[in-house]
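In what follows, a structure is listed as structure tokens, so that the remarks can point back to it.
2 protein chains.
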Amino acid sequence: MKLASLKHGRDGRLVVVSKDLTRATDAFFIAPTLQAALDDWERLAPRLADLAEQLEHGSVPAFRFHEHDCAAPLPRAFQWADGSAYVNHVALVRQARGAEMPASFWEDPLMYQGGSDALLGPREAIVAADEASGIDFEAEVAVVTGDVPMGSDAAAARGLIRLVMLANDVSLRALVPGELAKGFGFFQSKPSSAFSPVAVTPDELGPAWDGARLHLALSSYVNGKAFGSPDAGEDMTFDFPTLIAHAAKTRRLGAGTIIGSGTVSNRDADGGPGRPVADGGRGYSCIAEQRMVETILRGEAHTPFLRFGDTVRIEMRDAAGHSIFGAIEQEVRAPD
Amino acid sequence: MKLASLKHGRDGRLVVVSKDLTRATDAFFIAPTLQAALDDWERLAPRLADLAEQLEHGSVPAFRFHEHDCAAPLPRAFQWADGSAYVNHVALVRQARGAEMPASFWEDPLMYQGGSDALLGPREAIVAADEASGIDFEAEVAVVTGDVPMGSDAAAARGLIRLVMLANDVSLRALVPGELAKGFGFFQSKPSSAFSPVAVTPDELGPAWDGARLHLALSSYVNGKAFGSPDAGEDMTFDFPTLIAHAAKTRRLGAGTIIGSGTVSNRDADGGPGRPVADGGRGYSCIAEQRMVETILRGEAHTPFLRFGDTVRIEMRDAAGHSIFGAIEQEVRAPD
Numbered sequence: 001m002k003l004a005s006l007k008h009g010r011d012g013r014l015v016v017v018s019k020d021l022t023r024a025t026d027a028f029f030i031a032p033t034l035q036a037a038l039d040d041w042e043r044l045a046p047r048l049a050d051l052a053e054q055l056e057h058g059s060v061p062a063f064r065f066h067e068h069d070c071a072a073p074l075p076r077a078f079q080w081a082d083g084s085a086y087v088n089h090v091a092l093v094r095q096a097r098g099a100e101m102p103a104s105f106w107e108d109p110l111m112y113q114g115g116s117d118a119l120l121g122p123r124e125a126i127v128a129a130d131e132a133s134g135i136d137f138e139a140e141v142a143v144v145t146g147d148v149p150m151g152s153d154a155a156a157a158r159g160l161i162r163l164v165m166l167a168n169d170v171s172l173r174a175l176v177p178g179e180l181a182k183g184f185g186f187f188q189s190k191p192s193s194a195f196s197p198v199a200v201t202p203d204e205l206g207p208a209w210d211g212a213r214l215h216l217a218l219s220s221y222v223n224g225k226a227f228g229s230p231d232a233g234e235d236m237t238f239d240f241p242t243l244i245a246h247a248a249k250t251r252r253l254g255a256g257t258i259i260g261s262g263t264v265s266n267r268d269a270d271g272g273p274g275r276p277v278a279d280g281g282r283g284y285s286c287i288a289e290q291r292m293v294e295t296i297l298r299g300e301a302h303t304p305f306l307r308f309g310d311t312v313r314i315e316m317r318d319a320a321g322h323s324i325f326g327a328i329e330q331e332v333r334a335p336d
Numbered sequence: 001m002k003l004a005s006l007k008h009g010r011d012g013r014l015v016v017v018s019k020d021l022t023r024a025t026d027a028f029f030i031a032p033t034l035q036a037a038l039d040d041w042e043r044l045a046p047r048l049a050d051l052a053e054q055l056e057h058g059s060v061p062a063f064r065f066h067e068h069d070c071a072a073p074l075p076r077a078f079q080w081a082d083g084s085a086y087v088n089h090v091a092l093v094r095q096a097r098g099a100e101m102p103a104s105f106w107e108d109p110l111m112y113q114g115g116s117d118a119l120l121g122p123r124e125a126i127v128a129a130d131e132a133s134g135i136d137f138e139a140e141v142a143v144v145t146g147d148v149p150m151g152s153d154a155a156a157a158r159g160l161i162r163l164v165m166l167a168n169d170v171s172l173r174a175l176v177p178g179e180l181a182k183g184f185g186f187f188q189s190k191p192s193s194a195f196s197p198v199a200v201t202p203d204e205l206g207p208a209w210d211g212a213r214l215h216l217a218l219s220s221y222v223n224g225k226a227f228g229s230p231d232a233g234e235d236m237t238f239d240f241p242t243l244i245a246h247a248a249k250t251r252r253l254g255a256g257t258i259i260g261s262g263t264v265s266n267r268d269a270d271g272g273p274g275r276p277v278a279d280g281g282r283g284y285s286c287i288a289e290q291r292m293v294e295t296i297l298r299g300e301a302h303t304p305f306l307r308f309g310d311t312v313r314i315e316m317r318d319a320a321g322h323s324i325f326g327a328i329e330q331e332v333r334a335p336d
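Just so you know, the protein sequences line up as chains A and B, in that order. In terms of full-length UniProt numbering, the first sequence is residues 1 to 336. In terms of full-length UniProt numbering, the second sequence is residues 1 to 336.
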């Protein structure tokens with residue numbers, strides 16, 4: 001099934017959305033919010049699934065679904081932990097800022113604790129005080145978990161993935177080196193992340209979901225031009241169950257925990273950093289990575305970071321070309 | 001007024017507690033949970049304050065208040081961001097692990113994003129898989145904010161402090177160097193934090209609260225023996241409004257955001273690192289700091305980190321000797 005939270009109060013109003021994203025029906029009588037559904041998933045998910053089936057059959061009242069009416073599926077969450085599962089991306093970004101990457105990064109997942117109190121809906125603007133802060137997007141796949149007991153291994157974590165969605169982990173590149181040098185991780189350099197209109201249960205993904213990775217291209221566009229379309233199933237060094245187990249190593253994870261994949265990134269067949277879309281390559285899921293590759297290929301970065309008025313679009317299509325999660329489409333702007 | 005969340009479901013049940021912590025009355029009819037009260041604070045706080053006054057006068061039904069019935073005031077929160085406002089502590093801990101401390105640490109607050117999906121009540125055990133992970137407590141003061149607009153300065157943040165409470169920011173010292181070396185901050189090295197039974201509005205603190213700092217000793221005990229009692233109002237390089245403004249620099253903070261002070265730590269009058277309680281000093285608010293001082297004074301650390309069966313107690317008393325927030329008292333144990 002496909003679930004969305006229409007803008008309403010602080011936590012949105014839960015609706016079930018048709019597979020083709022054209023219609024929705026109110027799920028309020030089952031659970032007022034997505035968090036409430038996740039809190040009691042074993043009992044409520046079957047009822048939501050029934051409602052989804054009735055919606056497909058046209059046997060319940062439905063209304064037109066508009067992606068721009070959506071808040072994030074979880075407009076505020078109790079946890080947003082973002083991995084860096086595509087180690088290729090980490091290696092390039094590190095190279096871009098002249099930092100060494102330890103070999104252990106290929107074995108021990110990188111993960112940071114993100115702010116989850118104010119997540120952005122798919123059409124909400126990226127508001128930044130200063131264009132010079134190096135405003136960048138990061139296109140990612142994210143999962144939402146149930147309750148994960150402390151010490152769960154990857155095999156156990158696999159069965160606790162409730163939902164899959166897309167994320168834009170907005171980053172302020174100019175603030176990253178200073179914050180990482182302080183040693184406490186990202187804070188100001190990671191403003192609010194945005195999420196796709198719709199979160200879907202893994203069964204909606206068919207064979208593209210293997211229980212651990214999502215094998216489809218994740219497409220990003222800047223100002224309407226294709227920027228990248230790497231396959232989220234390739235080069236994902238750490239799969240979602242591994243990321244969840246990493247997060248649950250020393251504490252339990254509450255239901256509704258969002259775990260991000262990190263910026264989706266593919267290597268070339270020869271292990272190289274790929275090519276920009278303009279050069280016939282698959283491109284990238286963030287600007288920083290393309291700038292790095294430009295530096296490698298041409299000695300200098302040409303692509304600017306985002307400016308006020310720019311738009312970023314992130315979307316994933318199934319084998320038939322249909323949007324699965326709806327699109328994240330955000331304009332960058334200065335504060336009011 | 002003093003507020004607590006009795007254990008009930010995932011978010012507790014809101015009660016108003018008498019100033020002397022002996023009695024409580026149900027606040028469910030005003031707001032079912034503390035988060036719900038914070039979400040609509042302007043409207044609900046006056047009603048809660050009325051109820052608190054009626055409780056003091058004995059004019060509402062009350063029941064005996066037991067600290068061990070409490071969950072954390074926010075059993076799960078949308079944000080827990082912990083500063084390191086006592087830079088003295090940071091300097092000593094860095095020295096302890098052989099890491100340099102940049103001079104900028106005295107001007108730019110350190111803050112990390114903590115996990116907030118599973119916060120511990122005041123009597124809940126610290127569960128750790130391995131004694132060798134260097135289990136430590138960190139006694140802190142924490143505030144809970146209302147909605148803080150992005151870019152708020154310290155002056156604006158001052159008026160957005162809703163509640164004050166105590167925290168134990170549990171740390172696994174042996175995991176810290178490896179995680180900080182990865183550059184993404186703490187994750188596995190910071191298991192669930194615990195909070196005091198009661199959160200209080202700033203007006204409850206009288207002259208001890210100057211709008212930015214809490215000028216009272218924060219007492220910690222290990223296995224019933226005094227471990228530290230530094231003054232939380234002294235040597236706090238960054239006050240709470242400054243910490244909140246730091247957190248809100250590039251994104252808004254949602255109502256119910258918890259901001260921690262970091263480990264409370266005092267310098268000697270001569271600028272030195274103080275002395276352990278056993279040597280007649282004020283002692284420390286975490287074991288790591290005492291170990292560092294032992295190394296400086298005696299060439300070697302003697303105090304072990306916490307072991308299974310050990311207990312930590314954290315409490316703050318007012319000028320008359322009465323406990324303000326109730327006590328955090330946690331046993332350390334292995335997983336079931």
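The beta carbon of each residue, even a glycine, is placed where N, CA and C say it ideally should be.
Query	Result
For B/N168: DSSP bridge partner residues	B/A139 and B/A194
Distance CB(A/V143)-CB(A/F240) smaller than 8 Å	yes
CB contact check: residue 337 of chain B to chain A, cutoff 8 Å	For residue 337 of chain B there is no data in the structure shown, the boundaries of chain B being 1 and 336.
Cβ neighbour criterion (16 or more within 10 Å) applied to B/H89	buried
Cβ-Cβ distance between B/R317 and B/T303 below 8 Å	no
Beta-carbon proximity of B/Q113 to B/A72, cut-off 8 Å	no
Environment of A/G224 [buried if 16+ CB atoms lie within 10 Å]	exposed
Entirely enclosed alpha helix (DSSP H) segments - the stretch 205-280 of chain B, minimum 4 residues	240-247
Partner residues on chain B for A/V127, Cβ-Cβ distance less than 8 Å	M150
A/A154 to B/V127 span [Cα, whole Å]	21 Å
A/V60 (DSSP reduced to helix, strand or coil)	coil
Residues in the stretch 61-81 of chain A having any Cβ partner in chain B nearer than 8 Å	R76, A77, F78, Q79 and A81
Backbone secondary structure at B/G98 - three-state DSSP	coil
Proximity test, Cβ basis, 8 Å: B/P230 and chain A	no
Test item: CB-CB of B/F83 and B/S261 under 8 Å	As written in the sequence, residue 83 of chain B is Gly, which differs from the Phe given in the question. Yes, the pair counts as a contact, with Cβ atoms nearer than the cut-off.
Interface partners of A/L180 on chain B, CB under 7 Å	G183
Local Cβ density within 10 Å of B/G146, reported as buried at 16 or more and exposed below that	buried
7 Å CB neighbourhood of A/H246 in its chain, flanking five on each side removed	P109 and M111
Cβ separation of B/N168 and B/I324, assumed to be a contact under 8 Å, to the nearest whole Å	Their Cβ separation, rounded to whole angstroms, is 16 Å, which puts B/N168 and B/I324 out of contact at 8 Å.
Residues of the stretch 14-48 of chain A whose Cβ lies closer than 7 Å to any Cβ of chain B, in chain order	D39
Any chain A beta carbon closer than 8 Å to B/P122	no
Nearest-angstrom Cα separation, counted from B/R123 out to B/A4	13 Å
Bridge partner(s) assigned by DSSP for A/L180	Paired residue(s): none; A/L180 is not in a bridge.
Chain A contact for B/P191 (CB, 8 Å cutoff)	yes
Candidates A/F308, A/R307, A/A288 and A/D310: closest to A/E300 by CA position	A/A288
C-beta contact flag for A/M16 and A/A45 at 8 Å	Residue 16 of chain A is actually Val in this sequence, not Met. For A/V16 and A/A45, no; Cβs fall outside 8 Å.
Simplified DSSP assignment, three categories, for A/M316	strand
Separation of B/S116 from A/V264, as counted between CA atoms	26 Å
DSSP-derived helix/strand/coil call for B/E331	strand
Short Cβ contact (8 Å threshold) for B/A232 with B/L218	yes
As assigned by DSSP and simplified to three states, the class of B/A199	strand
Cutoff 8 Å: A/P197 Cβ touching any chain B Cβ	no
Interfacial residues, the stretch 293-316 of chain A to chain B, with Cβ spacing under 8 Å	none
B/T187 classed as buried or exposed, judged by whether at least 16 other C-beta atoms fall within 10 angstroms	The question names Thr, but residue 187 of chain B is Phe in the sequence shown. Label assigned to B/F187: buried.
Local conformation of A/I287 per DSSP, three classes	helix
Partner residues on chain A for B/R158, Cβ-Cβ distance less than 7 Å	Those do not exist, as B/R158 stays about 20 Å from chain A at its closest Cβ, beyond 7 Å.
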